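Undergrad:
In the numbering used here, the protein residues as written are 349 to 518.
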């Protein structure tokens, strides 16, 4: 930690490519390489939840904000299903990004234990829309639809290899 900075310089996280067509896999690796400024050489395996699609998982280390850069790099391919996590670090909440075709990109802040954090002002705004809308707005804020859509793809990772990626910090 720098003496004049109360916030962390580096963090870590995980990128889960839950499903990708084989032809897109090299492009995913190129996008990760660009976002991390470190060669991505993922170990692809079959996605049991969907015939013909592949999956890969990679841990990463990099500057705070790298999770958003990764999600932004993967977002243009609308046929991917992916999640990117960025761990909380000193003075900075964590983040989780989920992408599902048809739903688009969802982002949530996370606490140290991985729970989604919904800020006071956002909760107050939700409450002004009335009780009928509150449950729907909370589901959206918590990423419920994304979790439900990705859950069958998450369980396909037993025994899958994990690749470590590192981006130099500082």
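Glycine included, C-beta positions come from ideal geometry on N, C-alpha and C. Quick caveat, the model's predicted, so the values are computed rather than measured.
1. Considering only their Cβ atoms, is the gap separating residue 417 from residue 365 smaller than 9 angstroms?
2. Between which two residues does the beta strand (DSSP E) carrying residue 454 extend?
3. Using a Cβ-Cβ cutoff of less than 7 angstroms, which residues in the same chain neighbour residue 379 once the five nearest sequence positions on both sides are dropped?
4. With a cut-off of 8 angstroms on the beta carbons, I'd call residue 470 and residue 489 a contact; round off their distance for me.
5. When the distance is taken between beta carbons, is residue 444 closer than 9 angstroms to residue 410?
6. Can you tell me whether residue 399 is buried or exposed? The criterion is at least 16 other CB atoms within 10 Å of its CB, across all chains shown.
7. Return the CA-CA distance between residue 359 and residue 435, expressed in angstroms with no decimal places.
8. Quick one: residues in its chain with C-beta nearer than 6 angstroms to the C-beta of residue 442, no 5 flanking neighbours on either side, listed in chain order?
9. When the Cα of residue 390 is compared with those of 464, 496, 396 and 404, which residue comes out closest?
10. Go through its chain and collect everything with a Cβ distance to residue 394's Cβ below 7 angstroms, but skip five positions before and after it.
11. In the structure shown, what three-state DSSP assignment does residue 428 receive?
12. With DSSP as the reference, please indicate the residues paired to residue 363 in a beta bridge.
13. If you reduce the DSSP assignment to three classes, tell me which class residue 449 lands in.
14. Using only the alpha-carbon positions, how far apart do residue 384 and residue 481 sit?
15. I'd like the list of long-range same chain contacts for residue 474, defined as Cβ closer than 6 angstroms, with 5 residues on each side in sequence excluded.
16. My assumption, with CB atoms under 8 angstroms, is that residue 371 sits in contact with residue 501. Please give the rounded CB distance.
TA: If we stick to the structure as given:
1. Here residue 365 refers to the residue found at position 17 when the chain shown is read from its first residue. Here residue 417 refers to the residue found at position 69 when the chain shown is read from its first residue. No, the pair does not count as a contact, with Cβ atoms beyond the cut-off.
2. Walking along the chain shown from the start, residue 454 turns up at place 106. Looking at the DSSP string, the run of the beta strand (DSSP E) that includes residue 454 is 452-458.
3. Here residue 379 is taken as the residue at index 31 of the chain shown, counted from 1. Excluding sequence neighbours, residue 379 sits near 421 and 422.
4. Within the chain shown, numbered from 1, the residue matching residue 470 stands at position 122. Within the chain shown, numbered from 1, the residue matching residue 489 stands at position 141. At roughly 7 angstroms, the Cβ-Cβ gap stays under 8 angstroms, so residue 470 and residue 489 are in contact.
5. The sequence position of residue 410 within the chain shown is 62, counting from 1. The sequence position of residue 444 within the chain shown is 96, counting from 1. Not a contact, by the Cβ cut-off of 9 angstroms.
6. As a first step, residue 399 must be located in the chain shown, where it is residue number 51. Residue 399 should be labelled exposed.
7. For this step, residue 359 is matched to residue 11 along the chain shown. For this step, residue 435 is matched to residue 87 along the chain shown. Distance between the alpha carbons of residue 359 and residue 435 is about 6 angstroms.
8. In the chain shown, the residue the question calls residue 442 occupies position 94. So the qualifying residues of the chain are 434, 435, 436 and 458.
9. Position 42 of the chain shown, counted from the start, is the residue given in the question as residue 390. When only C-alpha atoms are compared, the closest one is 404.
10. As a first step, residue 394 must be located in the chain shown, where it is residue number 46. 402.
11. Here residue 428 is taken as the residue at index 80 of the chain shown, counted from 1. Three-state DSSP puts residue 428 in coil, outside helix and strand.
12. Sequence index remark: in the chain shown, residue 363 carries index 15 (1-based). Residue 363 is bridged to 406 and 432.
13. Residue mapping note: residue 449 aligns to position 101 of the chain shown, counting from 1. Residue 449: coil per DSSP, three-state reduction.
14. The residue labelled residue 384 in the question sits at position 36 within the chain shown. The residue labelled residue 481 in the question sits at position 133 within the chain shown. CA-to-CA, the gap between residue 384 and residue 481 works out to about 40 angstroms.
15. Here residue 474 refers to the residue found at position 126 of the chain shown. Excluding the 5 residues flanking it on each side, residue 474 has same chain C-beta neighbours closer than 6 angstroms at 482 and 485, in chain order.
16. Taking the chain shown and counting its residues from 1, the one referred to as residue 371 is at position 23. Taking the chain shown and counting its residues from 1, the one referred to as residue 501 is at position 153. For residue 371 against residue 501, the beta-carbon gap comes to about 19 angstroms, at or over 8 angstroms, which does not count as contact.
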